Amino acid sequence: MLEIRNLHATVGGKAILKGVDLSVGAGEIHAIMGPNGAGKSTLGNVIAGREGYEVTEGEVLYKGRNLLDLEPEDRACEGLFLAFQYPVEIPGVNNTYFLRAALNAQRKYRGEPELDSMQFLKLVREKLEILHIGDDLLHRAVNEGFSGGEKKRNEIFQMAVLEPSLAILDETDSGLDIDALRLVADGVNRLRGEDRSMIVVTHYQRLLDHIVPDQVHVLADGKIVASGGPDLALKLEEQGYTWLEQGGIQPLQPELRA
Amino acid sequence: MSALAQQWSEAFHSGGGPAGPAWLDDIRLRAVEQLNEHGLPQRKTEAWKYTPMRALEAMNPAIRGLEERLAESGAEAVVRPGDLLESPDGIIDILDGRLAGRSCGRPGVSIVPLRQGLELYETRLRRHVETVDISGSTRAFAALNTAFLENGVVIHIDSQVDAGSMLLRWGFSSQAEAGMHNSRVFLLLEPGARLHLTEQFDESSSAGQALNVISHLELGEAAVLDHVYVQKEPENTVLISTSQVTIAADCRYSYAGFDLGGGLVRHELQAEFAGAGAHAAFMGAFVLDNQRHVDNHISVDHAVAGCSSEQFFRGVLGGRSRGVFNGRALIRAGADGSSVRQSNANLLLSGLAEMDTKPELEIYADEVEASHGATVGQLDELAVFYLRSRGLSESAARRMLTGAFCHAVTDRMDQAGLAARVADLIDEAMPSDSPE
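Residue numbers (the working numbering), protein chains in the order written: chain A, 155 to 412; chain B, 7 to 442.
Right under this line is the structure:
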């Protein structure tokens, strides 16, 4: 599904990613953890195609194609979805209107007929039911005045409607209380599927209690320095990242991974 | 001094000027003298320093509307496809500044050509005419309008009458030559009268026309006027308008003006509160591209206590366009309990576009609530990326965001159907180009 090879990227001339290798198979969930400033969000932004994030080396293959050649909207139309760490407030644009325009843009790209407002509303109701969330988000402007929890729920709702094949959840747990976290995690779990891969970027292990990943990677100073199963996350939670930086266990040493 | 002003003055003296009633003759003469002496506003004329006259001077329009003096008619006006209102209760057609057609189904509402109105309502109209400042180059267009004061319309609504909705259609007869058309509108709402007035421009307007309008809106006690103005004229149209609004106690006046076209457009809205408990809202949005220019000069005089006013304007500027917002509110000594809110936000879509915005709050009373804010910025690139990351093309994302920016104005309108219609027109007017 996704193949990242030796990815280097700079932001404002500063090197952030310094050779990331990552391979995500269809239907897999990978968690990326790491200390502040490690480059976790940069990785998500580079994959989604945000301006100002310059790839200086390496490649990102998505379904066998070079993802970096595509405009952000074409990446989305090809089935990529980034759940933002800080979802953007867009005053004056109704959430339903926006999402229908986005879905129809994607359908048009794929040569599928666009949905009229009745068909779209039916789809939206189904998704809300699957996610167990109310319809109050529909009538408001995109993220405007939303609480932290509502914003993250709105991201998951958008993901449910757009049905991506690869979703990157960028610190979707940050700023959420325990109940909101569970709600969002439940939503994500309901969207798990054989042909949907996910990359879950998080600081904390607690999200991974709810969304159990297939693999956990540790990103530090722009590189994946360790990879393992879900127990790696537990170990990190216990010992902290400093333990990792001091050498930690064998697989954490990058030269041994090569 | 300018050649154009001189040319218009000569047209007045060479017999092209209007005649009667007698009380107007001196006023007209004084006006044409002012025009001839001071000419059009120059760059050094403070209130006009951002408003270039060169487009008008290049157009060099001759005075029109006088030669067809007899053509002013009471022809029955009907709704046309594309009108902003589907079933207005009244329609007024003004062609080249002259009343060319009307219809009104409601009792208590009368619509008469200006010449007839000048006799019917002499005392009141005279009072309004005499309040118009015509001195100096700052007031050149008011002087011009006054010198040629003859064409236009008087709308009168009886006390306590709900006149429903009225559509005022401005148009130009197709003529190859550029023309300067002067027109005067009097809208007299007796106490308790209510009206929704929507002004639009006909699609058929021909090229190179200038329209110079002065409107007198008189709201009697507890009258309600909901006033909407929409224009999407071609770039070689010049629109100069001055509205003088007098607002009695307990009135509601709302203006929502949308400039989605035109080459050189300037609106001066001057409102004065004459009794307590009244509210006036001035809203508007403009969308400009190429070398278009739109000015909005709002001036609200809180001459009495206990009134509130708001100004809410949004502008989107692309190409080499230029916008001006000047929002003045004067709260006089003793006008306690006044409230003034002002907001002007603008988006520059191009590095060559320019916006000049100037809030002016002058407060001489103690117990007052006042706020103002003015911003000039660019589209939030993170918001553009957010929309693109969901599959919208860059141009669709930009149009959605700039449209939403202006919909903040239509969202404040009372008439939902009309607001939706205007919102669509705004979206259509959006320049689709990216900032480069």
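All C-beta atoms in this analysis are idealised placements derived from N, C-alpha and C, irrespective of residue type, glycine included. Predicted model only: the values in this text are computed from it and were never measured.
In whole angstroms, give me the CA-to-CA distance for residue i and residue j.
i, j, result
"ALA148 (chain B)", "GLY288 (chain A)", "58 angstroms"
"GLN13 (chain B)", "LEU194 (chain B)", "34 angstroms"
"PHE238 (chain A)", "VAL342 (chain A)", "14 angstroms"
"LEU217 (chain B)", "ASP232 (chain B)", "23 angstroms"
"GLU52 (chain B)", "GLU213 (chain A)", "59 angstroms"
"ARG418 (chain B)", "ILE33 (chain B)", "40 angstroms"
"ASN258 (chain A)", "GLY394 (chain A)", "45 angstroms"
"LEU30 (chain B)", "VAL293 (chain B)", "39 angstroms"
"VAL271 (chain B)", "ASN66 (chain B)", "16 angstroms"
"GLN359 (chain A)", "LEU390 (chain A)", "8 angstroms"
"GLU241 (chain B)", "LEU62 (chain B)", "12 angstroms"
"LYS364 (chain B)", "GLN348 (chain B)", "11 angstroms"
"GLY181 (chain A)", "PRO245 (chain A)", "35 angstroms"
"VAL118 (chain B)", "PHE300 (chain A)", "53 angstroms"
"ARG75 (chain B)", "ALA9 (chain B)", "With a pLDDT of only 49 at ARG75 (chain B), under 50, the local geometry of the prediction cannot be trusted, and no value is derived from it."
"SER401 (chain B)", "ASP228 (chain A)", "13 angstroms"
"SER249 (chain B)", "VAL242 (chain A)", "41 angstroms"
"GLU368 (chain B)", "HIS202 (chain B)", "31 angstroms"
"ARG338 (chain B)", "THR144 (chain B)", "24 angstroms"
"GLY268 (chain B)", "ASP420 (chain B)", "26 angstroms"
"ALA321 (chain A)", "ARG405 (chain B)", "26 angstroms"
"GLU373 (chain B)", "VAL135 (chain B)", "34 angstroms"
"VAL230 (chain B)", "GLY107 (chain B)", "25 angstroms"
"ASN151 (chain B)", "GLY185 (chain B)", "14 angstroms"
"ARG307 (chain A)", "GLU325 (chain A)", "13 angstroms"
For the alpha helix (DSSP H) that contains residue i, what are its first and last residues?
i, result
"TYR207 (chain A)", "Counting along the chain, TYR207 (chain A) falls outside any alpha helix (DSSP H), though it belongs to the beta strand (DSSP E) covering 207–216."
"VAL159 (chain B)", "Premise fails: VAL159 (chain B) lies in the beta strand (DSSP E), 158–163, not in any alpha helix (DSSP H)."
"THR137 (chain B)", "128–137"
"ASP368 (chain A)", "Unbroken run through ASP368 (chain A): none, as it is neither H nor E."
"MET186 (chain B)", "That residue, MET186 (chain B), is in no alpha helix (DSSP H); its beta strand (DSSP E) goes 185–195."
"GLY379 (chain B)", "Note, GLY379 (chain B): premise wrong, no alpha helix (DSSP H); beta strand (DSSP E) at 374–383."
Which of the three DSSP states, helix, strand or coil, is assigned to residue i?
i, result
"ARG75 (chain B)", "Caution is warranted here: a pLDDT of 49 is assigned to ARG75 (chain B), below 50, making its placement in the model unreliable, and the coordinate value is therefore given only provisionally. If DSSP states are grouped into helix, strand and coil, ARG75 (chain B) belongs with the helices."
"ALA17 (chain B)", "helix"
"VAL38 (chain B)", "helix"
"GLU283 (chain A)", "helix"
"MET272 (chain A)", "helix"
"TYR235 (chain B)", "strand"
"HIS273 (chain B)", "strand"
"ILE443 (chain B)", "The question about residue 443 (chain B) has no answer here: the residues shown for chain B are numbered 7 through 442."
"VAL178 (chain A)", "strand"
"PRO58 (chain B)", "coil"
"ARG346 (chain A)", "coil"
"MET419 (chain B)", "coil"
"LYS377 (chain A)", "strand"
Take residue i as the anchor and find which of the options has the nearest alpha-carbon.
i, options, result
"ALA374 (chain A)", "A:GLY167, A:ILE186, A:GLU182", "A:ILE186"
"VAL379 (chain A)", "A:LEU335, A:ASP175, A:GLU182, A:ASP228", "A:ASP175"
"ALA403 (chain B)", "B:HIS413, B:ALA414, B:ALA389", "B:ALA389"
"GLY233 (chain A)", "B:GLY397, B:ALA61, B:VAL310", "B:GLY397"
"TYR167 (chain B)", "B:VAL271, B:LEU225, B:PRO113", "The question names Tyr, but residue 167 (chain B) in the sequence shown is Val. Nearest option by C-alpha distance: B:PRO113."
"ASP433 (chain B)", "B:PHE264, B:PHE319, B:MET361", "B:PHE264"
"LEU292 (chain A)", "A:PRO318, A:GLU266, A:VAL247", "A:VAL247"
"VAL219 (chain B)", "B:GLY409, B:ARG104, B:SER8", "B:ARG104"
"ASN249 (chain A)", "A:PRO384, A:PRO367, A:ARG159, A:GLN312", "A:GLN312"
"GLY325 (chain B)", "B:MET436, B:GLN40, B:VAL135", "B:MET436"
"ALA376 (chain B)", "B:ALA341, B:TYR259, B:LEU358, B:ARG394", "B:ALA341"
"ILE158 (chain A)", "A:GLN273, A:LYS305, A:PRO384, A:LYS217", "A:LYS217"
"ASN188 (chain B)", "B:PRO47, B:SER247, B:MET172", "B:SER247"
How would you write the range of the beta strand (DSSP E) that residue i sits in, first residue to last?
i, result
"ILE158 (chain A)", "156–165"
"PRO119 (chain B)", "115–119"
"CYS445 (chain B)", "Because chain B here runs from 7 to 442, residue 445 (chain B) falls outside it and cannot be looked at."
"HIS285 (chain B)", "285–294"
"ARG254 (chain A)", "That residue, ARG254 (chain A), is in no beta strand (DSSP E); its alpha helix (DSSP H) goes 249–263."
"PHE207 (chain B)", "200–207"
"ALA351 (chain B)", "344–354"
"ILE186 (chain A)", "183–187"
"ALA216 (chain B)", "215–225"
Using only the heavy atoms of the ligand FAD, determine whether one of them is closer than 7 angstroms to the beta carbon of residue i.
i, result
"GLN239 (chain A)", "The ligand FAD is not part of this structure, which contains no ligands at all."
- Closer than 8 angstroms, Cβ to any Cβ of chain A: which residues of the region 413–427 of chain B, in chain order? Listed by position, the residues of the region 413–427 of chain B near chain A (Cβ gap below 8 angstroms) are HIS413, ALA414, ASP417.
- Task: Could you list the residues in the region 387–400 of chain B with a C-beta less than 9 angstroms from some C-beta on chain C, going in chain order?
- Result: Among the protein chains in the structure shown, which are A and B, there is no chain C.
- Query: If you measure beta-carbon to beta-carbon, which residues of the region 8–25 of chain B are closer than 8 angstroms to chain A?
  - Reply: none
- Message: Please list, in chain order, the residues of the region 305–318 of chain A that have any C-beta partner in chain B closer than 8 angstroms.
- Response: GLN312, LEU316
- When you check each C-beta in the region 259–282 of chain A against every C-beta of chain B, which residues fall closer than 8 angstroms? ALA259, GLN260, TYR263
- Task: Check distances from the C-beta atoms of the region 223–236 of chain A to those of chain B and list, in chain order, the residues that come in under 9 angstroms.
- Result: GLU225, PRO226, GLU227, ASP228, ARG229, ALA230, CYS231, LEU234, PHE235, LEU236
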